[in-house]
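Asker: Residue numbers (our numbering), protein chains in the order written: chain A, 75 to 996; chain B, 5 to 301.
#1: Pick from A/511, A/525, A/524, A/532: whose alpha carbon is nearest that of residue 556 of chain A?
#2: Which residues, taken in chain order from the region 769–786 of chain A, show a beta carbon closer than 7 Å to some beta carbon of chain B?
#3: For residue 297 of chain B, report the span of its beta strand (DSSP E) as first-last.
#4: Under 8 Å Cβ-Cβ, which residues of chain B neighbour residue 704 of chain A?
#5: Please decide whether residue 194 of chain B counts as near chain A, where near means a Cβ-Cβ distance under 8 Å.
#6: Under the three-state reduction of DSSP, which class applies to residue 85 of chain A: helix, strand or coil?
#7: For residue 891 of chain A, which residues in chain B fall below 7 Å Cβ to Cβ?
#8: Name the DSSP bridge partner or partners of residue 284 of chain B?
#9: Rounded to whole angstroms, what's the CA-CA distance from residue 841 of chain A to residue 960 of chain A? Just pull it up for me.
#10: Buried or exposed: residue 118 of chain B, going by 16 or more other Cβ atoms within 10 Å of its Cβ?
#11: Closer than 7 Å by beta-carbon distance: list the chain B residues that pair up with residue 840 of chain A, in chain order.
#12: I'd like to know if residue 142 of chain B contacts chain C, where contact means its C-beta is closer than 8 Å to some C-beta of that chain.
#13: Between which two residues does the beta strand (DSSP E) holding residue 406 of chain A run?
#14: Specify the secondary structure class of residue 485 of chain A as computed by DSSP and reduced to three states.
#15: Is residue 96 of chain B closer than 8 Å to residue 69 of chain B when the C-beta atoms are compared?
#16: To the nearest angstrom, how far is it from the Cα of residue 516 of chain A to the Cα of residue 120 of chain A?
#17: Let me know the secondary structure DSSP gives residue 215 of chain B once reduced to three states.
#18: Step through the CB atoms of chain B and report whether any lies within less than 8 Å of the CB of residue 698 of chain A.
#19: Does residue 749 of chain A come within less than 8 Å of chain B when only Cβ atoms are used?
#20: How is the alpha helix (DSSP H) around residue 790 of chain A delimited, first residue to last?
#21: Mind checking residue 863 of chain A: buried by the 16 CB within 10 Å criterion, or exposed?
#22: Is residue 564 of chain A closer than 8 Å to residue 667 of chain A when the C-beta atoms are compared?
#23: Name the DSSP bridge partner or partners of residue 200 of chain B?
#24: Helix, strand or coil for residue 1032 of chain A per DSSP?
#25: Can you pull the chain B neighbours of residue 818 of chain A, defined as C-beta to C-beta under 9 Å?
#26: Measure from the alpha carbon of residue 149 of chain B to the alpha carbon of each residue in B/55, B/237, B/49, then state which is nearest.
#27: Do the region 263–283 of chain B and the region 843–857 of chain A meet, that is, are 3 or more Cβ pairs less than 8 Å apart?
#28: Determine the chain B residues that contact residue 561 of chain A at a beta-carbon separation under 8 Å, and present them in chain order.
#29: Identify each residue in the region 85–117 of chain B for which the Cβ-Cβ distance to at least one residue of chain A is less than 7 Å, and report them in chain order.
#30: What do you reckon, are the CB atoms on residue 423 of chain A and residue 389 of chain A nearer than 8 Å?
#31: Give every residue of the same chain whose Cβ lies closer than 7 Å to the Cβ of residue 102 of chain B, excluding the five residues on either side of it in the sequence, and list them in chain order.
#32: My output table needs one value for residue 193 of chain B: the three-state DSSP class, helix, strand or coil.
#33: Does the Cβ of residue 88 of chain A have 16 or more other Cβ atoms within 10 Å, making it buried, or fewer, making it exposed?
#34: How long is the line joining the alpha carbons of residue 289 of chain B and residue 38 of chain B, rounded to whole angstroms?
#35: Using the beta-carbon count (16 or more within 10 Å), is residue 800 of chain A buried or exposed?
#36: Residues of the region 893–908 of chain A in Cβ contact with chain B at a cutoff of 8 Å, in chain order, please.
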């Protein structure tokens, strides 16, 4: 019986006094089949849109609606209902009689007490707010009326035929006995028939929308020897529908279980297990409304078990249905487990919001969901469908060929995917676009991360299964997804070739011609062109939407290229090279889909370059007067040294003298620095020497101190402590202190360090800009997929950054080696690279050598991707070579390289305007 | 008597004064003119082999220039034939042998690396590590800077150091480091590089030691900034030190541009027109009277 309050809440305006008509919201009368269907659809749609449309009460209302529709579809029932609703209808007796007659008529109409009769009777009784126990009363009443009728007829017969009447009267004694026996026999026969039917029904164990309740049998019930079926809700449309029949049976069984838990909990748990096993396996075949109802009963059962301390068992049964699929150490995914696993996860998702389950169960649920639903992040309104959908996504990730690193194998691959697709379709019935979203997401994942469909049979068959699993009609997400795949640089042309082959082969008249298949070796231009054709054919945007980042990137690139025109050399050339390098980094990030990162690089680039330009001194290095290093000491320089020389014969005095320097902040002059360095190398005893070494370390940023060590290098003692000090001061490893090459090694390290320190005094900007270049190249190389690991301590060394980017482009170029002549060209570039590196002298030339090779290999890749732009690319390379040839210094050569890189990126992005402007010979 | 003297003079003159050789004997390559005339663009090997002979037999400037041209043309012709004769790398190596400039040699050897040499390809010499001589001179530079002239002289006088010093004498001399400058004294004449001296009788304060009045406690060669850095850079080169920072490298080489290893630059560098590969024979016997011309279409 539907809760009327819930009914009014869910379907406001319902007039229950009009029975089925009121439930469906149609006028009392003689509606056609179509009118009934339309009314039912309308009311069901109202429920879907209601915020509480997924609750158990809503399910009850849905069932009541279906019952009402069934009633009105049947002409006889409809007539009776109308009769009942007519004004002046009789009281209870008449209504009882009418009802009884209707019920019995129904039974006769259905050809006896069968499933259909049971459903119809149940629906009628339900609409009258009665249960199936009423049926026994109806039969008793019917028996009385029959007897009364027979008696009446017999009397009438006797009266009409006194001779019979006499016999009737004459036999009244014996005749009554006979007649009574006959009546009893008839009733008994009816009862036997009823019992037989009930027995059959019990064996089938299912009624649509019913509970099977064990009620205390009354006399008739006892005579019936067992369970009297009590129906308190009715089914959906067709009794012959095996799908609804399965769902109905499961619901009925769950109702039994819900009753059993009150009296026989152990038995209830056992039955619950059996029901769950079946429900989990067959949920995809059950009609949505029945599934919803069944699932809600599962929840109710768990709640009821909570009151009996058995919730853990119940939850365990629900989760257990999916244990084969979501075990921690799962290594094989089996097709048979997929449906049950998805159902189990969906239920776990729903159960997670139950407050009555014990903590241990909550932990189990959480553990399962952590494995099974990777995208759950506290979204509101967790439902079974959301959980099922999430688990399907996770499963797909495990099953896709080429993903998951082989951690799990898939048994009966095609069957597994078919089971997956079935589950997705079931989800899609509930939320029409959700299932499609899952399929499209999975297809995208396969294209991005899975095995190549063009090379892997399984990937190919999965892709086609997925493409077939979505709707390709207008305004459905599949079309937009395909266009987005074209725009995604992570999806290869080979993948798109497979996709477009499938789409073009459908021939569904959606505007996609058979010629709209992308070649597996197409370049970026062809890809873009076909993308636009698809967008045109499907009425989507035809111009690739240019993001804010793309617009800004192109603008910045053009502006800096313009500013960097003409001859620039020295630090100015390096400044523009750094700017362009950061613009190229933003291009790489944009190409790789790291839009936010690219925006940051683009935004912060100018400031980073400006910061480098504004620094006049390298951090940590004190500026010294180079002339002063070999000139006589002036001012106070040398005074401390003289005091120390005097004090050094007494260790306490020497320590005191050194201690003066501890508190002294001003840098030492070259005279005092030499004395300190000598003390660090030669002073005795050890504590004096060690204090001096400590002071040297603290003042290692003073070139005069480091030079002091170099001056004394000739006689440097061979000791581990001195070796360690020199290593720390110079930042370079030395040979062992007992190695014959120790002193020469120390000299080399000190010469290098003094050289660097003095150079940094004048040209700190060059170092800082070189660091920017090194960072940019390193980031570019990494983003493009370099496998080169930077050596420890390499930091932002531009050489290593350039080597990483070279490695990355080389890897990309490898993909084109199958094209005629490309391999030979790559080999030629590699040989030139080897030659350049062999020729390079010093850090800057080494970088310039690597950079030139990067430009060459990148140009080859861009040319292969954009065959129609060969001439433009040739012009860029000619200009690059020409600029390098006439460059006044290596920085001008580096700038030429960065110009070429940015121009090539413009072509790669399809922006040919600037490339054309910049075109022309050197 | 006069006649005898005249005869003796004539005989002596005849044995002393060299007879002017013929053109062919002067060349050192037999039939050079004719061989030049016989060169064909389609046979780069002929260019190469003639170049080798010229380089060997005519070591002077003229011969070197001719050999260079022949090697360049051999390379150009071979490249146009798609490297059929595999002469490109060999031509680069041959040119490297001819050049007196180390940087040019390095470039040519790097260029040779860029050609596909197939099996048994030539591998560039990575260059040697600093020897004892270089180390001696590096030490000497350090000692010179610190006004320890005696120690510097001693190192430069040792055989291995002297040899290297000789090759750098001019460069070092421009920076103030010369044997003459180091001959004048051993070290700071006042403190002998001890930095401190006993105070004179007029010194107050009772100190036992005071800073040297001449060097102020910092004995040194009194180098200007340019000289100091210049010596430091030479010392670094001698020791095979490579700067890690760009600023240091810039100080050392002023940002010297790197030459590209582009074969197309070879002809440009040597001033050879690669199209003018035909030798137009002169009417005279002297090969120098011929001209290099372009092939007629």
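No residue lacks a Cβ here, since even glycine has one placed at the ideal position from N, Cα and C.
Answerer: In short, the structure shows the following:
#1: For the residues A/511, A/525, A/524, A/532, the minimum Cα distance to residue 556 of chain A belongs to A/511.
#2: Listed in sequence order: 784, 785.
#3: 295–297
#4: 149, 150, 151, 222, 224, 225, 226, 227, 232
#5: no
#6: coil
#7: None at all; the shortest Cβ gap to chain B is about 16 Å.
#8: B/295
#9: 24 Å
#10: buried
#11: 250, 251, 254
#12: The structure shown has no chain C; the protein chains it does contain are A and B.
#13: 406–408
#14: strand
#15: no
#16: 33 Å
#17: strand
#18: Not one chain B Cβ lies under 8 Å of residue 698 of chain A.
#19: yes
#20: It is not in any alpha helix (DSSP H) - residue 790 of chain A carries neither H nor E in the DSSP assignment.
#21: exposed
#22: yes
#23: B/215
#24: Outside the modelled stretch of chain A, which goes from 75 to 996, sits residue 1032 of chain A, for which no answer is possible.
#25: 134, 139, 142, 143, 243
#26: B/237
#27: no
#28: Under the 8 Å cutoff, chain B gives no residues; its nearest Cβ is about 38 Å from residue 561 of chain A.
#29: 110, 111, 114, 115, 117
#30: no
#31: 59, 68, 71, 72
#32: Of the three classes helix, strand and coil, the one that applies to residue 193 of chain B here is coil, per DSSP.
#33: buried
#34: Roughly 9 Å separates the two Cα atoms.
#35: buried
#36: For the region 893–908 of chain A, which is checked against every Cβ of chain B, the residues closer than 8 Å are 901, 902, 905, 906, 908.
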